[in-house]
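Take the sequence shown: its letter number 186 is residue 186 in this note's numbering, and every next letter is one higher. Report on the structure given below.
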Amino acid sequence: MSTADDPQRPGFHLTAPYGWLNDPNGLAQRDGTFHAFYQHNPYACVHGDVRGVTAWGHATSTDLLHWDHLPVALLPDTGEDAPDRDGCWSGVLVDDHGTPTLVYSGNRRGEGQRPCLATSDDPDLRTWTKDPGNPVLDPPPDGVTEFRDHCVWREGDEWRQVVSAGLDGVGGAALLFGSADLHSWAYRGPLATGPLPGTGETGDGDAWECVDVFPLGHGRHAMTFGVWREGRTLWTGYAVGHLVGDTLSIDRSGVLDAGLRYFYAPQSFLDERGRRVMVGWLQEGRSDEACEEAGWSGALSVPRVVSLGDDDDLHSAPVEEVATLRGEAHPVDLDGSRDGGRALSLDRVGVRLDLEAELALEPGAELEVGLRRTPDDAERTLLHLQACGSELRFTLARDQSTLEPGPDTSTLRGRAPYDGRPVTLRVLVDHSTVEVFVAGRPLSARVYPSRSDAEGVTLELSPAGGRVTGTVWTLSG
Ligand code: FRU
Numbered sequence: 001m002s003t004a005d006d007p008q009r010p011g012f013h014l015t016a017p018y019g020w021l022n023d024p025n026g027l028a029q030r031d032g033t034f035h036a037f038y039q040h041n042p043y044a045c046v047h048g049d050v051r052g053v054t055a056w057g058h059a060t061s062t063d064l065l066h067w068d069h070l071p072v073a074l075l076p077d078t079g080e081d082a083p084d085r086d087g088c089w090s091g092v093l094v095d096d097h098g099t100p101t102l103v104y105s106g107n108r109r110g111e112g113q114r115p116c117l118a119t120s121d122d123p124d125l126r127t128w129t130k131d132p133g134n135p136v137l138d139p140p141p142d143g144v145t146e147f148r149d150h151c152v153w154r155e156g157d158e159w160r161q162v163v164s165a166g167l168d169g170v171g172g173a174a175l176l177f178g179s180a181d182l183h184s185w186a187y188r189g190p191l192a193t194g195p196l197p198g199t200g201e202t203g204d205g206d207a208w209e210c211v212d213v214f215p216l217g218h219g220r221h222a223m224t225f226g227v228w229r230e231g232r233t234l235w236t237g238y239a240v241g242h243l244v245g246d247t248l249s250i251d252r253s254g255v256l257d258a259g260l261r262y263f264y265a266p267q268s269f270l271d272e273r274g275r276r277v278m279v280g281w282l283q284e285g286r287s288d289e290a291c292e293e294a295g296w297s298g299a300l301s302v303p304r305v306v307s308l309g310d311d312d313d314l315h316s317a318p319v320e321e322v323a324t325l326r327g328e329a330h331p332v333d334l335d336g337s338r339d340g341g342r343a344l345s346l347d348r349v350g351v352r353l354d355l356e357a358e359l360a361l362e363p364g365a366e367l368e369v370g371l372r373r374t375p376d377d378a379e380r381t382l383l384h385l386q387a388c389g390s391e392l393r394f395t396l397a398r399d400q401s402t403l404e405p406g407p408d409t410s411t412l413r414g415r416a417p418y419d420g421r422p423v424t425l426r427v428l429v430d431h432s433t434v435e436v437f438v439a440g441r442p443l444s445a446r447v448y449p450s451r452s453d454a455e456g457v458t459l460e461l462s463p464a465g466g467r468v469t470g471t472v473w474t475l476s477g
């Protein structure tokens, strides 16, 4: 199906031209250009471990919203002894004294994954040469059940690397290594281990994947990690704390995105303006067959600026570049005390939209936002918010999102602290992606409209519910 005919294929979210996409890899900005590499199977719409290959796709952008597809950047080597014979799995891009260098996981079925290096002398980062010394690191001997994915940074004269892992009898772990040259690594011990409070009812899983560690300012660091259990990618956990020597002393932890598996394996980078930008994998909620029929699977999230809020917690907001896509504006002004002023119905907003509003809700007040409604209301996605004590609770109900058989239509639930002062609600819809931010707390989801005329928006505030002011924009791009 071509993009123009596919009501589900996102416009300003990166998807593979054909085939499968999972984790973002090697995110960076160099000489003004943003590079997004990603886990990619160019031959089929399933993970390359099932059929096809796991390679690195590559796209570039100058605004994080319009992406140009470049040739596949890394493919597994075919030799029997090749360290990445069965896949070039996730990794990062670092600058080694002027040489762009990828640190990625070489996969060998039955043996697991090992860190590998590849370098480029191409200013456009299209071509890569794998290091003959690959793999450059073995897992430490003590009880490591999983060992892959890399976060690499420079500290003084030293490279530091965190490899995501599972530890027997422990669960998820971030294992720290140090190196003078990226080639020879010494194990320093676990930077952090699970389970961490608030990151999952059943503990933190058997392993963590795609651990990312980055400074937040104010002496604080953040860590994000994919929670993996028995082969299932469950949700993304996060922690905020202080790096003390070789460990992360954790003050706060939780689930990063209330959409759970719909925002997985995030990676972040520092852009040339000094923003910490995070991108995750918006997994599919439809069947492999539906993806195969569409010709694509998986999207990258809207890039989000992450920062430490006044409440010492991690906050996320879409990059401000999204505002450049804004077209027709529809004002929103709901007043719970005004009969007739509590509801608003907008038609023909478009299949891509941006809602930004200030919420001042009275205790117990409710706001319902109907997204992507078809004119006959046969399909609609409902966002519901309620002020409950010191929290704003919000749900995204997807049971009426589509008439198509099969997709996951479970309700997703989030919460944000609320002290009665106005907070920002932001909602981005781009065909099958929905991303909600309530006071900086994200909830990402997929919905599968079967019709391209699903584009109305309604808002309704409960009586005496407070005030909601803002704008709904039609987005281009
Ligand atoms: C996370 C992950 C990583 C791995 C990659 C393989 O989704 O499982 O741990 O490197 O995907 O594609």
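Each residue gets a CB set at the ideal place from its N, CA and C atoms; glycine is no exception.
Inset, instruction - State yes or no: is the C-beta of V244 within less than 8 Å of the C-beta of A222? - result: Along the sequence shown, read from residue 1 onward, the residue named residue 244 stands at position 244. Along the sequence shown, read from residue 1 onward, the residue named residue 222 stands at position 222. Result no, Cβ atoms of V244 and A222 do not sit closer than 8 Å.
Legend entry - Under the three-state DSSP convention, the category S2 falls into: For this step, residue 2 is matched to residue 2 along the sequence shown. Any reading at S2 needs caution, since the residue's pLDDT is 47, under 50, leaving its predicted position unreliable; the model's value is listed next. Coil at S2, not helix or strand.
Inset, instruction - State the Cα-Cα distance for the pair D430 and T381, rounded to the nearest angstrom. - result: The residue given as residue 430 occupies position 430 in the sequence shown. The residue given as residue 381 occupies position 381 in the sequence shown. Looking at the two C-alpha atoms, the distance is approximately 13 Å.
Inset, instruction - Kindly indicate which three-state DSSP category C210 falls into: helix, strand or coil? - result: In the sequence shown, counting from the first residue as 1, residue 210 sits at position 210. Strand, per DSSP.
Legend entry - Cβ neighbour criterion (16 or more within 10 Å) applied to E80: Position 80 of the sequence shown holds residue 80. Exposed is the call here.
Inset, instruction - Identify which residue in A180, P123, T324 and R108 has its Cα closest to the Cα of F147. - result: Within the sequence shown, the letter at position 147 stands for residue 147. It is R108.
Inset, instruction - Report the residue from L361, R126 and G19 whose alpha carbon sits nearest the alpha carbon of G48. - result: In the sequence shown, counting from the first residue as 1, residue 48 sits at position 48. Checking every option, the nearest Cα to that of G48 belongs to G19.
Legend entry - Touching by the beta-carbon criterion (3+ pairs, under 8 Å), the stretch 396-405 and the stretch 249-256: no
Inset, instruction - To the nearest angstrom, report how far apart A198 and D121 are at their CA atoms. - result: Counting from 1 along the sequence shown, the entry for residue 198 is found at position 198. Counting from 1 along the sequence shown, the entry for residue 121 is found at position 121. According to the sequence shown, residue 198 is Gly rather than Ala. Rounded to whole angstroms, G198 to D121 spans 44 Å at the Cα level.
Legend entry - With 16 other Cβ atoms within 10 Å as the buried cut-off, status of P139: Counted from its first residue, the sequence shown places residue 139 at position 139. With 16 or more Cβ atoms within 10 Å of its Cβ, P139 is classed as buried.
Legend entry - Contact check, W228 vs E209, beta carbons under 8 Å: Along the sequence shown, one-based indexing puts residue 228 at 228. Along the sequence shown, one-based indexing puts residue 209 at 209. Their beta carbons are under 8 Å apart, which means W228 touches E209 by this criterion.
Inset, instruction - Please name the residue in T78, C88 and G171 whose C-alpha comes closest to that of H40. - result: Position 40 of the sequence shown, counted from the first residue, corresponds to residue 40. When each option's Cα is compared against that of H40, the closest is C88.
Legend entry - Any beta strand (DSSP E) of 3 or more consecutive residues that is wholly inside the stretch 430-477: 433-438, 441-446, 456-461 and 466-475
Legend entry - N-terminal and C-terminal residue of the alpha helix (DSSP H) that A290 is part of: In the sequence shown, residue 290 corresponds to position 290, counting from 1. Its alpha helix (DSSP H) spans residues D288 to A294.
Legend entry - Straight-line Cα distance separating R326 from S2: Walking along the sequence shown from the start, residue 2 turns up at place 2. Walking along the sequence shown from the start, residue 326 turns up at place 326. Residue confidence for S2 is low, a pLDDT of 47 falling below 50, so the modelled location carries little weight; the figure read from the coordinates is stated next. Distance between the alpha carbons of S2 and R326 is about 24 Å.
Inset, instruction - Give, in chain order, every unbroken run of the beta strand (DSSP E) that is at least 3 residues long and sits entirely within the stretch 333-400. - result: 343-346, 352-361, 366-373, 381-388 and 391-397
Inset, instruction - Thinking E455 and R372 are a contact (beta carbons under 8 Å), I'd like their distance in whole angstroms, please. - result: In the sequence shown, the residue the question calls residue 455 occupies position 455. In the sequence shown, the residue the question calls residue 372 occupies position 372. Confirmed, about 6 Å.
Inset, instruction - Pick helix, strand or coil for A174, following the three-state DSSP scheme. - result: On the sequence shown, position 174 is the one that residue 174 refers to. Here A174 sits in strand by DSSP.
Legend entry - Assigned exposure category for G242 - 16 Cβ within 10 Å defines buried: In the sequence shown, the residue the question calls residue 242 occupies position 242. One detail in the question is off: residue 242 reads as His in this sequence, not Gly. Result: exposed.
Legend entry - Proximal residues to T127 (C-beta, below 7 Å), its chain only, five neighbours per side dropped: As a first step, residue 127 is located in the sequence shown; it is residue number 127 there, counting from the start. Within the same chain, T127 has close Cβ partners S120.
Legend entry - Assumed close pair G370, V457 - CB separation to whole angstroms, cut-off 8 Å: Position 370 of the sequence shown, counted from the first residue, corresponds to residue 370. Position 457 of the sequence shown, counted from the first residue, corresponds to residue 457. Right, the Cβ-Cβ distance comes to about 7 Å (below 8 Å), so this counts as a contact.
Inset, instruction - Could you tell me whether any non-hydrogen atom of ligand 1 is closer than 7 Å to the CB of C210? - result: Sequence index remark: in the sequence shown, residue 210 carries index 210 (1-based). Indeed, a heavy atom of ligand 1 lies less than 7 Å from the Cβ.
Legend entry - L243 (DSSP reduced to helix, strand or coil): Stepping through the sequence shown from its first residue, residue 243 is reached at position 243. Residue state, collapsed to three classes: strand.
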